[in-house]
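Protein chains in written order, with our numbering: chain A, 16 to 645; chain B, 34 to 281.
Cβ coordinates follow ideal geometry from the N, Cα and C atoms, glycine included.
Predicted, not measured: the structure shown is a model, and the values here were computed from it.
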Ligand code: SF4
């Protein structure tokens, strides 16, 4: 008889009970008596989002390959169930065994975006695990965090026993071994954390001391104990063709946000856009071999039965053998009637040809992400996309039958002027002109240009980590400028404009570059009832304002300040590969409007060569100014 | 060639919604070597149609869908083989029970054929005084009512409807094994109208009976299982959907 943690009464009163019952195809069931480590892996958002995440599936597969570990999954209960669990004092459980998370050895979180921080506290709270690492006892799980937000884990330092900085494929097994070893020796929690701190990439926040200057910036950041490393090296796997990649991912019943096979073709990006954290954090660019991808695509289609396959990477067009890969995929997908989707493609002859073969032109749209409206702005952010690229790409596409274009921009970037903002409207208008220049008989009705702007958030490990951001009302006024200019355009009726929320941007900004003093704020916001803040309907700025006030934290300190060259950042203890010197150089180049070539054109000496893999070895390096900074 | 597939959905999977079950089968079929037929165009879909959606929380040992296969009759794998292939892909709780060959064409769609369905409800009693009540007697009294008004949800709110004509039979039944194991004490069998013309939800029928009988059984204290779905046959009789197909 299938065991369920929740009663019929509860399951029948919540929306989508299938989120909580487990029993999915390919879910791993083990005998708990036969394993020595029980690991609960959490994506702190709703099931449908969490189940769409490739990273979790990789870790799940990786850990469950070990006979001594049983890795299970847990997601954030939706507010309806959250309230019931609270009222009925029911402990949060994992999907596979339906047993309480608090009885596990590990609770691991993947931390993908800042607005899920309150959901992390929710999962701890519902599990009955003390929120503060310092309050946990020997029977509580070791709470660990990984994922992109660990590029600055400091705002969450109070809540985690350890952070895993880097890619799961690297030291996860070492960590499991250390845990077993410590237990065999009769070591306690503290002893384990001390041992874990010796594993490359593992950061145990309680073993470090931070002191602040009078102006609020960091004075020093030091290990508390002899032998604890002063810097933590981000771990990255160099050979992506010979490592973990699930062949039998768990297939949800409920329709996941990404209800498809995800094929990660490469990790990292050669481009170096200055606002983009992923582009710096995942350096160097590493590609999976064509052979590996072909084999995995076939296996995954066969083992999952998904009707869609999607390539995943930060910039698919930069995968050198994309043409051959596509030929192969189109061929096998045709046989099994599988659709192919291709996000993040540069629009050119080749990609249009491919898109024409795999998509319905009438229903698909072209996507450009110029991010900056003017060439000046695009140079400042190092976005190597020109007006010419966009117009000629659009022209080709319009002749091929497309008539919808989506454009993505960012507003409020460092150095941006009113002219740059207005330029967004003009670029959109130029595209409509290209369309209406085509003789009426040859075009496909009206064209539809959708312009979306988000607001810039300064992120750690980017050249803009020194930059000041703006206040919500400024952001909104920038969007108004774009809108007003848009209305002046001749073809305004062919253009649609929408922009993001500004309050959310500010909170993301505070958390992204925050420090340990924000822990109390996050906890307070959670106590006020914040959950699922990444969902617009659930975000409330007042809670944050109240919490800042209550703890005497000035958000402006984190967002409105341009930092000086010598400031110690909360995340400086991480050696992410890319050096601070390189980032500073890029920051200066940005201000001078200088473009930096991509890794394929010329190596800029970013520091990632130190990993000894990916695209770096053998790249032309003679023109770099690296020596100045060494 | 068109086939009708009968399956059971029990245990924890009673919480999987109707659309999820459809997607589940599409994926499961793709994982086998069985060749389904697809619609044309850029996003081809399997040509399948499900009979009468089952509510979330209900189990069933009589679910159906029709599926178009990409075979000529002569080259089609046997029904036995298809059952085996599919069952190798099922999750615990879903099981394919039979595969039958049916005529093609809209008229023979499982969806449009459903005219009646049978259910077994298992329930527990909350007090000894309730336990003393004679179920058979209560059922007899209930069925002798001329009208049974029940609330029905419509797009614009709720309206009251007489469900008595939709109830064909209601009698005491043995508690099914799975439910007995979970401690359910009593069971009732219901045979009623179903399908697009006049669909009676079993929750509505049982709810009306329990309130008539003065028994305190809330929705989560009963477990409803759909046992079979029927098409109308000659002379006001009904036949199981499965029997309209031929084994192959
Ligand atoms: S070291 Fe050079 S080639 Fe390697 S990632 Fe950095 S800039 Fe690119």
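| Query | Result |
| --- | --- |
| Any C-beta of chain B sitting closer than 8 Å to the C-beta of residue 644/A? | Legend: pLDDT at residue 644/A = 38, less than 50; position of this residue unreliable, value from coordinates given subsequently. Output row for residue 644/A: interface = no. |
| Alpha helix (DSSP H) containing residue 392/A: first to last residue? | 390-395 |
| Applying the criterion that 16 or more other CB atoms from any shown protein chain within 10 Å of the CB defines a buried residue, is residue 643/A buried or exposed? | In this predicted model, residue 643/A has a pLDDT of only 37, less than 50, meaning its place in the structure is not dependable; the value taken from the coordinates is given anyway. Looking at its Cβ environment, which holds fewer than 16 other Cβ atoms inside 10 Å, residue 643/A is exposed. |
| Can you look up residue 401/A in the DSSP assignment and give me helix, strand or coil? | coil |
| Taking Cβ to Cβ, would you say residue 140/A is nearer than 8 Å to residue 158/A? | no |
| With DSSP as the reference, label residue 44/A as helix, strand or coil. | coil |
| Can you have a look at residue 143/B and say buried or exposed, based on whether 16 or more other CB atoms are within 10 angstroms of its CB? | buried |
| Give the DSSP-derived three-state secondary structure of residue 192/A in the structure shown. | helix |
| When the distance is taken between beta carbons, is residue 550/A closer than 8 Å to residue 580/A? | no |
| Do residue 270/A and residue 63/A come within 8 Å of each other at the CB atom, strictly closer than that value? | yes |
| When you compare the CB of residue 50/B with every CB in chain A, is at least one pair closer than 8 Å? | yes |
| Residues around the ligand SF4, please: the condition is that the C-beta lies closer than 5 Å to some non-hydrogen atom of it. | 298/A, 299/A, 614/A, 618/A, 619/A, 621/A, 623/A, 624/A, 631/A and 634/A |
| Roughly how many angstroms lie between the CA atoms of residue 193/B and residue 185/B, to the nearest whole one? | 6 Å |
| Between the stretch 54-85 of chain B and chain A, which residues of the former have a C-beta closer than 9 Å to a C-beta of the latter? | 54, 56, 57, 59, 60, 61, 62, 63, 64, 65, 69, 71, 74, 75, 76, 77, 78 and 79 |
| With a threshold of 8 Å between beta carbons, is residue 351/A in contact with chain B? | yes |
| Taking the alpha carbon of residue 482/A as the point to measure from, which residue in 180/A, 429/A, 523/A and 494/A has its own alpha carbon closest? | 429/A |
| With 8 Å set as the bound, which would you pick, yes or no: does the beta-carbon of residue 124/B sit closer than that to a beta-carbon of chain A? | yes |
| What does residue 90/B touch in chain A if you count any residue whose Cβ is under 9 Å from its own? | 23, 26, 27 and 32 |
| Is residue 374/A close to chain B, meaning its C-beta is less than 8 Å from at least one C-beta of that chain? | yes |
| Could you name the residues that DSSP lists as bridge partners for residue 158/A? | 122/A |
| Between residue 223/A and the rest of its own chain, which residues show a CB-CB distance below 6 Å, the 5 nearest in sequence each way excluded? | 238 |
| Which same chain residues end up closer than 6 Å to residue 537/A when comparing Cβ atoms and leaving out the 5 residues on each side of it in sequence? | 132 |
| Assign residue 190/B to buried or exposed, taking buried as 16 or more other Cβ atoms, counted over all protein chains shown, within 10 Å of its Cβ. | exposed |
| Given residue 438/A, which residues of its chain have a CB within under 6 Å of its CB, disregarding the five upstream and five downstream residues? | 388 and 389 |
| Using alpha carbons as the reference points, say which of 80/A, 300/A, 568/A and 597/A lies closest to residue 231/A. | 568/A |
| Round the Cβ separation of residue 199/B and residue 178/B to the nearest angstrom and send it over; I've been treating them as touching at under 8 Å. | So it is not a contact: roughly 13 Å between Cβ atoms. |
| Name the residue from 468/A, 503/A, 314/A and 407/A whose alpha carbon lies nearest to the alpha carbon of residue 491/A. | 468/A |
| Please report the straight-line C-alpha distance between residue 20/A and residue 119/B, rounded to a whole angstrom. | 29 Å |
| Would a check of beta-carbon distances place residue 322/A closer than 8 Å to chain B? | yes |
| Taking only three categories from DSSP, how would you classify residue 187/A? | helix |
| For residue 610/A, which option in 110/A, 329/A, 391/A and 163/A has the closest C-alpha, if you only look at C-alpha atoms? | 391/A |
| Helix, strand or coil, according to DSSP, for residue 205/A in the structure here? | helix |
| Please list, in chain order, all residues of the same chain as residue 638/A whose beta carbon is under 7 Å from its beta carbon, the five residues on each side excluded. | The predicted position of residue 638/A is uncertain, since its pLDDT is 48 and thus under 50; no value can be drawn from it. |
| How about residue 319/A: is its C-beta nearer than 8 Å to some C-beta of chain B? | yes |
| Ordered along the chain, which non-local residues of its own chain (more than five positions away) have a Cβ less than 6 Å from that of residue 545/A? | 133 and 558 |
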